[in-house]
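Line by line, the protein sequences give chains F and V. Per my numbering, the first sequence starts with residue -8, numbered consecutively. Per my numbering, the second sequence starts with residue -8, numbered consecutively. The C-beta atom is built at its ideal place from N, Cα and C for all residues, glycine as well.
Protein chains: 2
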Amino acid sequence: MKKTILLNNRPQGEPTVSNFEFVTEDNTLQISEGEILLETTYVSVDPYLRGRMSDAKSYVPPFQLNKPIQSGVIAKVVASKNKKFAEGDYVSGMLDWSTQQISKGVGLNKVDASKAPLSAYLGVLGMTGLTAFLGLQEIGKPKAGETIVISGAAGAVGSVVGQIAKILGLHVIGIAGTDEKIDMLKNEFGFDAGINYNTSEDINAELKELAPNGVDIYFDNVGGPISDAVLFNINRFARMIICGAISVYNKTELPTGLSVQPFLVKNSALMQGFIVSNYAEKFPEAIQQLATWLKEGKLTYTETIVEGFDNIPKAFIDLFEGKNKGKMIVKI
Amino acid sequence: MKKTILLNNRPQGEPTVSNFEFVTEDNTLQISEGEILLETTYVSVDPYLRGRMSDAKSYVPPFQLNKPIQSGVIAKVVASKNKKFAEGDYVSGMLDWSTQQISKGVGLNKVDASKAPLSAYLGVLGMTGLTAFLGLQEIGKPKAGETIVISGAAGAVGSVVGQIAKILGLHVIGIAGTDEKIDMLKNEFGFDAGINYNTSEDINAELKELAPNGVDIYFDNVGGPISDAVLFNINRFARMIICGAISVYNKTELPTGLSVQPFLVKNSALMQGFIVSNYAEKFPEAIQQLATWLKEGKLTYTETIVEGFDNIPKAFIDLFEGKNKGKMIVKI
């Protein structure tokens, strides 16, 4: 029996479980020459998927109504008529939210369960790690001794960015939504300081204390008022990596806030939207580096693992309330 | 008799003539060894000076109360005890708003009145031309066939940016505040199209018609709602040069507007504050190129020349009502 999750209707504001539809098929899947049969092992849920649920022009086309949702998936090859893949292999790739599926193997990468836990290939050794590493390197251009602020710091990407920044010798300040998360940033991930945006009375003032030399790099996953507060603290030639804007993804009206332009002019500062897929030619080298750091124990990671295929939509929705620590993954 | 204009008090909102104080000194200026005596010929008034009248941290220190205002000036050497400068030379540099002054020559460049009108060294062959050329090149990275939108297009910098963009083969759309200015952009400066922001009912919709392939480069001199409208039209990998924000310089509250971050993420777009002085090592080459284009007739310019030292403050204030076409200069 094959279960699949389709986009039933597009969310207005916050996504809800009613935006998704579960369908079940009973017939056994048959593969043809060149194809493989996959059984899903882990499914990644990510904030950016919210954008694809809307019918708006963006860097990836929107999901279609009554078609499967797709995201990063780890799957096991259970039958193969494709020379590149053997039964028992594990692969990662953009795949349907489905318990089983047939693929020609295009866009799939084999992953090695002996080198790292399979789920890591969706996180620190997958798009998450690549986003953190390449966003920081390519736009942030970090230099030892500089100060970086990371919003959404306890999330999948943010927690990796902070650790890499520490490896590179930066002073690292994370912004997250609970004291427990702030503790984790400092004690597990080695951040120098953290701000709980839910209890802070004045993020701008707290930053001035924690970053007395100003902010050289801002790795932004959230947008909104937190990012406005950071603007008051940027240094000349600051670089701001706009990786996500989870605080506004569910807004039904266009979000407004401080005009950033005067801050950019005053500081000759840079703000750039970052999409990891633009840097595909750098993936192999970046994965190598991440794997090395992981092996050396310089890089660690946290996952929030939810069990059960039926819980995928709920896990996705929980992202917007910050219920995850680190990477949110559903184990099938 | 020497007349000087001091900063009397800092403007709240719009600058007024009462922010300035005229002082007169009767004693004859005497130069020492290494010094030159200068008589002011032309004074540049520029929107960025508004920032220096405030007491806020920025890329240049604020003007001090009861001290002379400074800006770009062309002056004649009327006496010299400095080997580098002879009586009769003309120089350009950052100098006091004063009819006469003594200098050691540091930071002054000789200008050649036989090669171009003296006032051009404050405009197209000075900071204005350098700002237009280097902002476009270094951040805009223009490619033939792309579409550029320029705000403040009839101003000193904007009108040069548009002409350079045409030389480089771009499709050029200017935004300015009167039909007369739009006519000038199209008929004198060769812009492909223009939008009068004072009469346009929907700048976003007009842009969609004039730039059906979207906007690759936005050269922004104004900020505010005009820039918000441009955001809806940017292409993937768009570059936005934030050169000025004249629409907000006189605001007493922090300006707000559309959150730019979601637009940047969606389009992998870049927004960068530009200050010409960061690119000083490229000045000689850039001036050479501008002078060549000027000589070849590919580049032209407009000036609004106001006569009389006493009119400097008024000329400066008029900038904020867009009373200038091209470079605003006061002839002494």
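- Judged by their CB atoms, Leu125/F and Tyr240/F are not nearer to each other than the 8 Å cut-off.
- In this structure Gly264/V touches Val256/F by the C-beta definition: roughly 4 Å separates them, less than 8 Å.
- Counting only runs of 4 or more residues that sit fully inside the region 152 to 213 of chain V, the alpha helix (DSSP H) segments are 170 to 178 and 194 to 201, in chain order.
- Apart from sequence neighbours up to five positions away, the residues of its chain that approach Gly4/V with a beta-carbon distance below 6 Å are Asn241 and Thr243, ordered along the chain.
- By alpha-carbon distance to Gly149/V, the top candidate from Glu16/V, Leu201/V, Ile237/V and Asn(-1)/V is Ile237/V.
- Of all residues in the region 247 to 264 of chain F, the ones placed with a Cβ closer than 8 Å to any Cβ belonging to chain V are Thr247, Gly248, Leu249, Ser250, Val251, Gln252, Pro253, Phe254, Leu255, Val256, Lys257, Asn258, Ser259, Ala260, Leu261, Met262, Gln263 and Gly264, in chain order.
- In the three-state scheme derived from DSSP, where H, G and I count as helix and E and B as strand, Ser45/V is classed as coil.
- A contact is defined here as three or more CB-CB pairs under 8 Å, and the region 69 to 84 of chain V meets this definition with respect to the region 9 to 29 of chain V.
- Using a 10 angstroms sphere on the CB of Val36/F, the tally of other CB atoms reaches 16 or more, which defines it as buried.
- Sequence-distant partners of Leu249/V (beyond 5 residues in either direction) whose C-beta falls short of 8 Å from its own C-beta, in its chain, are Asp219 and Leu222.
- For Phe228/V, the enclosing beta strand (DSSP E) stretches over residues Ile225 to Ile233.
- A Cβ-Cβ distance of about 5 Å is found for the pair Leu261/V and Arg230/V, placing them in contact under the 8 Å criterion.
- For the pair Gly160/V and Ile65/F, the Cα-to-Cα distance works out to about 48 Å.
- For Val239/F, at least one C-beta of chain V is nearer than 8 Å to its own C-beta.
- Asn269/V has a beta carbon lying within less than 8 Å of a beta carbon in chain F.
- Contact between Asp183/V and Val152/V is ruled out by a C-beta separation of about 14 Å, above the 8 Å threshold.
- DSSP, read as helix, strand or coil, puts Pro59/F in strand.
- Shortest Cα-Cα distance from Lys95/V to any of Ser105/V, Asp103/V, Val82/V and Ala107/V involves Val82/V.
- Note on Asn189/F: under 16 other CB atoms within 10 angstroms of its CB, so exposed under the neighbour-count rule.
- Contact with chain F is found for Leu245/V, since one of that chain's Cβ atoms lies less than 8 Å from the residue's Cβ.
- For Ile266/F, a Cβ of chain V is located within less than 8 Å of the residue's own Cβ.
- For Glu30/V, the three-state secondary structure derived from DSSP is strand.
- According to DSSP, Tyr81/F shares a beta bridge with Lys67/F and Val102/F.
- Ranking Glu137/V, Glu12/V and Val68/V by CA distance to the CA of Val102/V puts Val68/V first.
- In this structure, the alpha-carbon of Leu40/V lies about 17 Å from that of Leu121/V.
- Separation of Ile232/V and Ile139/V (C-alpha to C-alpha, rounded to the nearest whole angstrom) is 11 Å.
- Short of 6 Å from the beta carbon of Ser142/F, and not among the five residues preceding or following it, lie these beta carbons of its own chain, in chain order: Ile166, Asp211, Asn212, Val213 and Ile217.
- Within the same chain, and ignoring the five residues on either side of Gln92/F in sequence, the residues whose Cβ sits closer than 7 Å to its Cβ are Leu29 and Leu86.
- With respect to chain V, the C-beta atom of Asp193/F has no partner C-beta closer than 8 Å.
- The alpha carbon of Asn10/V has as its nearest neighbour, out of Glu179/V, Leu(-2)/V and Met175/V, the alpha carbon of Leu(-2)/V.
- In the DSSP assignment, Ser110/F falls outside any alpha helix (DSSP H) and carries neither an H nor an E.
- The three-state secondary structure of Ile308/F, taken from DSSP, is helix.
- Look at the region 201 to 223 of chain V: the residues with a C-beta under 8 Å from a C-beta of chain F are Asp211, Gly214, Gly215 and Ser218.
- In this structure, DSSP gives Ile217/F a helical state, which the three-state scheme calls helix.
- Per DSSP, the continuous alpha helix (DSSP H) segment holding Ile278/F begins and ends at Phe274 to Lys286.
- Put simply, the CB of Ile141/V is far from chain F, with every gap to its CB atoms at 8 Å or more.
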